[in-house]
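Going by the working numbering, the sequence shown wraps up at 130, each residue one higher than the last.
Virtual Cβ for every residue (Gly too), placed ideally from N, Cα, C.
A short write-up of the structure that comes next.
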Amino acid sequence: MGNQRYVQGLAKLTEIDGEAGEKVISSLANICPDLGKYIIEYPFGDIYQREGLDLKTRELVTVAALTALGHCQPQLNVHINGALNVGCAPQEIDEVILQMSVYAGFPAALNGMFVAKAVFAERELNVV
């Protein structure tokens, strides 16, 4: 696991998600460690290393995609925290989730907004 993609990916994952990302990877150790390795190497070792978007934009896009899917609340929680960690304001996250009501529907947006509400409460952030 010492290859460059893994090392860079783990550093990027830690930069964005801190302990939450590490917990996701470690939770796979006793069932499918390869999945954890692939998550570190491909999204964080390859895609997140690209120069085309900054981390803030990448996290907002990820929040939008996970909201639109409508059934990824644990991953959405991690990425809302990640978005906050890289400098996104709670209002920006709310706007992204609200925008998804147009394209993914109200149920998906509601699910996303309730995840955001929980993250903001946990971090003691006021949005409105």
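Self-check item: Residue from ARG7, MET115, TYR105 and HIS81 with nearest C-alpha to ARG52
Solution: Per the C-alpha coordinates, the member of ARG7, MET115, TYR105 and HIS81 positioned closest to ARG52 is ARG7.
Quiz item: Taking the alpha-carbon positions, what's the ASP36 to SER28 distance?
Solution: A straight line joining the alpha-carbon of ASP36 with that of SER28 spans about 11 Å.
Self-check item: C-beta atoms of LEU78 and ILE42 nearer than 8 Å
Solution: Result no, Cβ atoms of LEU78 and ILE42 do not sit closer than 8 Å.
Quiz item: Expressed to the nearest angstrom, what Euclidean distance is found between the alpha-carbon atoms of GLY114 and ASP48?
Solution: Rounded to the nearest whole angstrom, the C-alpha separation of GLY114 and ASP48 is 27 Å.
Quiz item: Looking at the structure shown, is GLU53 part of a helix, part of a strand, or coil, going by DSSP?
Solution: In the structure shown, GLU53 sits in coil (DSSP, three-state: anything other than H, G, I, E or B).
Practice problem: Take the Cβ of TYR50 as the centre, count every other Cβ of all protein chains shown within 10 Å, and call the residue buried at 16 or more, exposed below. | Solution: Around the Cβ of TYR50, a 10 Å sphere holds 16 or more other Cβ atoms; the residue is buried.
Quiz item: Would the beta-carbon of VAL88 fall within 8 Å of that of LYS58?
Solution: A contact, by the Cβ cut-off of 8 Å.
Practice problem: Write down the C-beta distance between VAL117 and ILE82 rounded to the nearest angstrom, noting that I regard them as a contact closer than 8 Å. | Solution: About 6 Å; that satisfies the 8 Å criterion.
Self-check item: Classification of GLY84 by the beta-carbon crowding that lies within 10 angstroms, buried from 16 upward
Solution: Counting Cβ neighbours within 10 Å, GLY84 comes out buried, since at least 16 surround it.
Quiz prompt | Any alpha helix (DSSP H) of 4 or more consecutive residues that is wholly inside the segment 36–86 | solution = Runs of the alpha helix (DSSP H) spanning 4 or more residues and lying entirely within the segment 36–86 occur at 57–71, in chain order.
Practice problem: Would you kindly work out how many angstroms separate the C-alpha atoms of ASN32 and GLY38, rounded to a whole number? | Solution: For ASN32 and GLY38, the distance between alpha carbons rounds to 11 Å.
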